[in-house]
Amino acid sequence: MTPSFSQPVKAVLGPTNTGKTHLAVERLTAHASGMIGFPLRLLAREVYDRVVAIKGAADVALITGEERIMPAQARYLLGTMEALPVERDVAFVGIDEAQLGADPERGHVFTDRLLRARGREETMILGSASIRGLVRDLVPDAEIVTRPRFSTLSYAGSSKLSRLPKRSAIVAFSAEEVYAIAEMLRRFSGGAAVVMGALSPRTRNAQVAMFEAGEVDYLVATDAIGMGLNLDVRHVAFASLQKFDGRRLRRLTIAEMAQIAGRAGRHQQDGSFGTVGLPQGGFTPEEIAAIEGHHFPPVPNLFWREPNPRFGSLDQLLADLARPPVQAGLRAAPEAVDFAVLKHLASDMDVRARGSDFDAVQRLWDVCGLPDFEQLGAEHHSRTVFKLWQWRTSGDGMIDPDWFARRLARLDDVEGDIDQLASRIAAVRTLCFIAQRGDWIAGGAGWAERTQALESRLSDALHAALAQRFVDRRLALLLRDAGQRGNSLPVAVGADGTVAVDGEPIGTLSGFQFKVDPVAKASDHRMLLAAAEKHLRGELARRAMALAEGDDSALSLVAEPGSPPRLAWHGHVIATLARGPTLVQPAIQLDPSLRRLEPAQVQAMADRLQRFVASQLARHAAPLAAMGEAAGDLFTPPRVRALLAALTDNSGTIGRAAVEEQLTALTADERPLLRKLGLTIGSLDIFHPQLLKPEAVRWRAALIAAQQGSPIPPLPPHGAVLQKSGSHAGLAIAGFRRCASGWLRIDMAEKLARQAHAARMQAAAPPTAPIAGGDDHHHDDPAEEGHGALPSGFVIDPALATSLGLDEETRRALLGSFGFRSVGEPALQRWRWSGLRKAADKRHRRKTRGKTADAPPQAKVNGDARRTPTKQAKAKRAKPGNPRGDTPRPPRRDRPDRRGPSPNSPFAGLAALLADARKD
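Here's what the structure looks like:
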């Protein structure tokens, strides 16, 4: 740029949406070189991307306080007003938003560029029509061009927040207000994007992109929205008409209102503005008329400060910066942050000591230009500036890299809430500014890359935090979808059942049952269910067809303890078994989620489930079905039918004692009918072995639970034969019976019973050779005379019981229930068969013994005082052919032959005499 007024200067003035920036970009690219200064880093980045698309990245540079992209051959420069190199010679210069010369904080920078920055061939000043008079006075040779607004801006009145039109921007002037409004919009409409000056450019870009993409319909912003951001906003609503300007709380000026309201309507699309409620009484009629007609009071003056102060001494520098302007239309700028920091440091003794050092004073003013991104205030910010100045004026004049690295590492944390992340980004922007100054810190390029990378990570985290807090994307999407017809939004069902509409999960589909996302608010459930019903019709119909036409591998029985018996398709419950006409014909109740389908589809699925149950029962419980069929067959003998009916009602197993009368009544011709069905008539139980297999047990448990309307009891583990504890109902269904302190499976109990009877029969068989009566079978050991003789009975090998895990107590109790009783000492393991009926009689006598305890004593008969009169009569009663009634007892075959006395015994001679007498 050159400070020459000989080249043409054009001032393009007008309201917002007049295409001023677009015109400046066109003129820039029409020249061989040029630059444009903008009020915001964000706006500079936006235009930089546009020019890169036209000229290529190698010819375009971006220069801001925190970011520099400077190709070696760059001919076009875009940047913030403060960062533009005034000394650079270019063909075109553009000054955007020149009316900001009236800004108390930065106005003097814009005024300086307005007065001094010129292009070699063309200079263009862009701004509001309110500075027309000042431009005419300060730049007399400038050609002033006024451009009309492309669209109409009209007042729409006040509205409730919940009734604002879509594509609205709501403007507030504090972070607390912005957050509160965004929270309310989240509940009403799914959320809003947030734009504030405190956000990093990357975060603001991400928020604006979310609004532009239609992910949200509302944007909540501070007055930063008025700084040239090009947004698709149709309505601007003011939540407040006053702001704190750093000094006092005041009402917005008409120019400020218009600058913000003018964001509504882009290009040829009309816009509107209004208020949310009536803040501060709302707009006055005069303000409305001025905004709609773009008639604003002229800006009286611009702020100015000496752009080239002298550094001969500290006092000289302070005097130059405080010197008022002499030109009309200008006024001294208020004390900006850099000047306030300088004045604060001027009172420091170390600074004063070097107040006459030209280099020290120059470098002091240089570091005072460090922006206060963290908004700490002049006093606090001056501490950092003082530290930088000390490094810049000592040693090699470079900032300590260790200090810089420590501060950078301390800020490298992407966790925290919105305020914490925003605070870290502000601190990182300070480091970014330092890193961009190659004359401040060694290795500036490397530090710049690291600081910008950290700023990007923090900005992404801040955007995510804002979206998480203020955006309910699912609700916004469903609200938008509710107004559309048909399946306009794509729906996808993931492998895990997650249902996503346009990429946003709304719940899970398990089989045919849709479940709302558990993290969704209760108020959103109805809307989510409606969306699922709308979008899942096709998917549910496809699944219904797959179920009806699929094979049995996709279906299964769900027999979980404590739950009713259910049927599942690919692991998802779709039906419940209920009481049917018979045990083996359960009813099938479809899940309510299936009944939302078409009636034909529901019937096809019901028929398919009926066929599945029938096939599974035929495979795993065919004997049970055969028993039920035989029990209902009129050609089956009545006694067999009665027995089979009892077996069927008890799901195929029953204790023998419960049907002993029916079993005894069967004839020899009827028993084969039971064997033909595969039934085992055991000592204690009647059962079918196939029904004791694990899968058969599961189905039998399910059938019983369905018929009784009860939950399935816990079943023993597959393959178990002995259980010490468990659910009595589950053990009974699985074919276990109680024995002593445990439960044994009935087929194993029958195996033990058969082993015992086999031992009894073997003992009752005649010996293979005659037994001699003397020396070969008797010994002279005196111990045998009193204790050596074994008691009568037979031995039952305990190996089988041991292999089943039975302890001695359980084994003895089980053998006793079979009709065997122990003989002699338990250690001898001798047993005698007493029969089931005798064992039952003994149990009956034990029960009735207490009833006869009070009876009078009986007379002693034949030396037996315990014999009752009835027994005495039976003893005296003679049987036919035996008048005396003393028929000799036949020898018992299960007892071994009686041994004779020892030859050395005194009774041996007596035995010989008796034998001779019998021979005679």
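Plus 591 on top of the position in the sequence shown (first one is 1) and you've got this note's numbering. Ideal Cβ placement from N, Cα and C applies to all residues, glycine included.
One Cα belongs to L725, the other to P916, and the distance between them is close to 15 angstroms. By the beta-carbon neighbour count (other beta carbons within 10 angstroms, threshold 16), A1123 is buried.
Beta-bridge pairing by DSSP links L1168 to I1179. With respect to the C-alpha of G873, the residue from A881, A830 and K1342 having the closest C-alpha is A830. Secondary structure of M626 (DSSP, three-state): strand. Look at the beta carbons and you see the region 1001-1017 not touching the region 943-957: under three pairs across the two are nearer than 8 angstroms.
No Cβ-Cβ contact shorter than 8 angstroms links S1301 with F1409.
By the beta-carbon neighbour count (other beta carbons within 10 angstroms, threshold 16), M1339 is buried. Looking at the DSSP output, Y746 sits in a beta bridge with F864. P1096 sits in a strand when the DSSP states are folded into three classes.
Cα atoms of W1334 and L1268: separation of roughly 27 angstroms, rounded to the nearest angstrom. In the structure shown, E1341 falls within a helical segment according to DSSP collapsed to helix, strand and coil. In the structure shown, F779 falls within a helical segment according to DSSP collapsed to helix, strand and coil.
Nearest neighbour of T607 by Cα position, chosen from A924, Q1043, R1186 and E847, turns out to be E847.
Between the alpha carbons of M940 and H972 lies a distance of about 18 angstroms.
Bounds of the alpha helix (DSSP H) holding T1042 are G1035 to F1061. A direct Cα-to-Cα measurement between R1232 and Q1253 gives close to 10 angstroms. Here the C-alpha atom of H858 lies approximately 13 angstroms from the C-alpha atom of R738.
Remark: C-beta atoms of H885 and A849 approach each other more closely than 8 angstroms. Around the CB of I645, fewer than 16 other CB atoms lie within 10 Å, so the residue is classed as exposed. With a cut-off of 8 angstroms on Cβ pairs, the region 1004-1019 is in contact with the region 1040-1048, counting three or more such pairs.
Under the three-pair Cβ rule at 8 angstroms, the region 891-904 counts as touching the region 919-929. Only buried fits T609, as 16 or more other CB atoms lie within 10 angstroms of its CB. Per the C-alpha coordinates, the member of D1030, L1049 and F995 positioned closest to D1008 is L1049.
Relative to V681, the option among K834, L619 and A1320 whose CA is nearest is L619. For the pair T1255 and A1248, the Cα-to-Cα distance works out to about 11 angstroms. Non-local C-beta neighbours of Q1346 in its own chain, meaning closer than 8 angstroms and more than five positions away in sequence, comprise I1387, D1388 and L1391, ordered along the chain. Following the DSSP letters along the chain, one finds V1084 inside the beta strand (DSSP E) bounded by residues V1082 to V1084. Looking from the CA of D1182, the closest CA among G856, G748, M1196 and A1191 belongs to M1196. If you ignore the 5 residues before and after G710, its C-beta comes within less than 7 angstroms of the C-beta of M592, Q598, G625, V681, A682, F683 and V684, all in its own chain and listed in chain order. In the DSSP secondary-structure assignment, R841 is bridged to K834.
The beta carbons of R632 and E673 sit about 10 angstroms from each other, so the pair does not count as a contact at 8 angstroms. Rounded to whole angstroms, the Cβ separation of A1216 and V1250 is 20 angstroms, and the two are not in contact under 8 angstroms. Of all alpha-carbon atoms in Q1180, K757, M787 and P756, the one lying nearest the alpha-carbon of E768 is that of M787.
A1169 is positioned such that its CB atom lies no closer than 8 angstroms to that of A1159.
The three-state reading of DSSP puts T1401 in helix, counting H, G and I together.
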